[in-house]
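Read through the structure below, which is laid out as structure tokens, and then see the notes.
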Amino acid sequence: MPPRHSAGSDELLLKLNTMLEGTPAVLPGCEYFYSSDAVELWEQGQSGPITGLNRGPYLLLEFPATIVPRGAGDVIHELSVIGVTAVIAHPERNLHFVREPELLESFVRKGAISQVTAASVLGDLGRAALAASAEFFSRGLVHLVASDAHNLDRRPPRLAAARERVRRDWGEAAAHVLFEGNPRAIVDGLPVERA
Ligand SMILES: [Fe+2]
């Protein structure tokens with residue numbers, strides 16, 4: 020696989036990490052807004068627009084808020100065939116997945132994993148997102164929890180509180196996998212633990 024980086028963004032990352040003095044560490048990656056040519060774009064490597072998480076084989080994939088385009092399952096399968104795992108971002112905030120958890124289930128069978136937002140687990144993003152994340156948890160469809168933080172006031176990280184909630188509801192072993200084990204595996208480009 021060709022390396023995915025450009026000198027310009029590398030320089031910015033280095034600058035940012037120097038300013039932060041290592042806490043938190045900022046790693047390269049992107050949240051890729053789904054399009055049907057994802058495989059072609061990925062194969063462009065470093066000259067293309069897609070960066071895997073920490074430049075590894077995991078691609079954070081976002082769908083439009085209300086629909087999952089037809090054919091997305093095939094694209095997820097094709098990605099997995101070339102060694103790329105789609106990480107579906109906040110499915111609990113997508114109306115289609117909320118109404119049809121079986122669709123998310125089928126994507127996971129095709130090789131995807133799913134990443135729920137910490138604030139959703141806590142109910143901060145509304146009752147629909149809370150109920151959907153509980154449903155996905157009970158179906159074994161949550162592989163990691165992420166902050167999706169935007170700022171410190173309206174969209175703060177909330178990871179510690181969400182971890183505590185998951186620990187209470189699903190146990191320490193599950194909390195460890197979803198908050199430490201799987202995120203670490205993704206950063207290291209290693210296989211994640213699946214339910
Ligand atoms: Fe997103």
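Under the numbering used here, the residue at position 36 of the sequence shown is numbered 55, and the numbers go up by one with no gaps. In this text, a Cβ means the ideal position worked out from N, Cα and C, and glycines have one as well. Nothing here was measured: the structure is a model prediction, and the numbers come from that model.
Would you call the CB atoms of residue i and residue j closer than 9 angstroms?
| i | j | result |
| --- | --- | --- |
| A105 | L78 | yes |
| Q134 | V117 | no |
| T136 | D172 | no |
| V164 | V140 | yes |
| I107 | N201 | no |
| A150 | R112 | no |
| S99 | K129 | yes |
Can you give the beta carbon distance from residue i to residue j, rounded, assuming they're within the 8 angstroms contact cut?
| i | j | result |
| --- | --- | --- |
| Y51 | F82 | Their Cβ separation, rounded to whole angstroms, is 10 angstroms, which puts Y51 and F82 out of contact at 8 angstroms. |
| G27 | G48 | Actually they are not in contact, since the Cβ atoms of G27 and G48 sit about 16 angstroms apart, beyond 8 angstroms. |
| A193 | V185 | 6 angstroms |
| V196 | E212 | 5 angstroms |
| L60 | P68 | 6 angstroms |
Can you list, in chain order, the residues of its chain whose CB lies under 7 angstroms from that of residue i, leaving out five sequence neighbours each side?
| i | result |
| --- | --- |
| V94 | S55, A57, V58 |
| L46 | N73, V206 |
| E154 | P120 |
| G102 | P76 |
| L32 | V45, P47 |
| L35 | V45 |
May I ask you to report which of helix, strand or coil DSSP gives residue i?
| i | result |
| --- | --- |
| L141 | coil |
| L209 | coil |
| L80 | strand |
| M20 | Because the pLDDT of M20 is 47, which lies under 50, any placement of that residue in the model is unreliable, and the number read from its coordinates should be weighed accordingly. Of the three classes helix, strand and coil, the one that applies to M20 here is coil, per DSSP. |
| N201 | helix |
| A168 | coil |
| L160 | coil |
| E119 | coil |
Apart from the five residues just before and just after residue i, which ones in its own chain have a Cβ nearer than 6 angstroms to its Cβ?
| i | result |
| --- | --- |
| H115 | I86, V87 |
| A181 | A137, V140, L141, V164 |
| L39 | none |
| E97 | V58 |
Please return the same chain residues whose Cβ sits closer than 8 angstroms to the Cβ of residue i, not counting the five positions on each side in sequence.
| i | result |
| --- | --- |
| S125 | G92 |
| M20 | Bear in mind that the predicted position of M20 carries a pLDDT of just 47, short of 50, making it too unreliable to give a figure here. |
| R177 | A137, A138, L141, D143, S166, A168 |
To test your reading of the DSSP string, which unbroken alpha helix (DSSP H) runs of 4 or more residues are found completely within the stretch 33–109? 57–62, 91–100
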